[in-house]
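Numbering (our numbering), first residue to last: -17 to 166.
Just so it is clear, CB atoms sit at the ideal spot from N, CA and C, and this is done for glycine as well.
Have a look at this one:
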């Protein structure tokens, strides 16, 4: 399967049948901008239509400290309401395309997974994390509702009470806690 060169993602067949996808915006914490949403949607759609030799996808982030910091709020600050709505619809489509992908997707969390980064990891089938990783839905501390499935996927993964605490406080939790709770 031939994949295009993406502006915000690197793709590599690391092993036979294993596609490694790297979020590649380390200068901004691998934040998800509109272009990354388009790149993800194109990639997940291609894999849905014809995965070719790919049997598994590993999703990780460029750099050593951050898997994904969430949505690119600097990009959002300059948007009109109509632009924001279009971006949100794009993000929803790409997340649902990822969730519906018939291939197993492993989130290889190489650093912090905050906000949409945690939601992206939650959309994957499995989460593996380095010991130094931290997770949080930090957008709630800014008055922003998690909009990429976090409020639905976190209770399924952790149970209602623990998920409510994470969703309502935005407090980070460690990779060890994620492991102890069965999330990673």
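It is roughly 21 Å from the alpha-carbon of residue 61 to the alpha-carbon of residue 50.
Check the Cα spacing between residue 158 and each of 135, 94, 105: the tightest is with 94. By the neighbour-count criterion, in which a residue is buried when 16 or more other Cβ atoms sit within 10 angstroms of its Cβ, residue 59 is exposed. DSSP, reduced to helix, strand and coil, places residue 94 within a strand of the structure shown.
In terms of Cβ geometry, residue 13 and residue 52 form a close pair [threshold 8 Å]. In chain order, -10 place their CB closer than 6 Å to the CB of residue 18, counting only its own chain and leaving out the 5 sequence neighbours on each side. Beta-bridge partners assigned by DSSP to residue 19: none are found.
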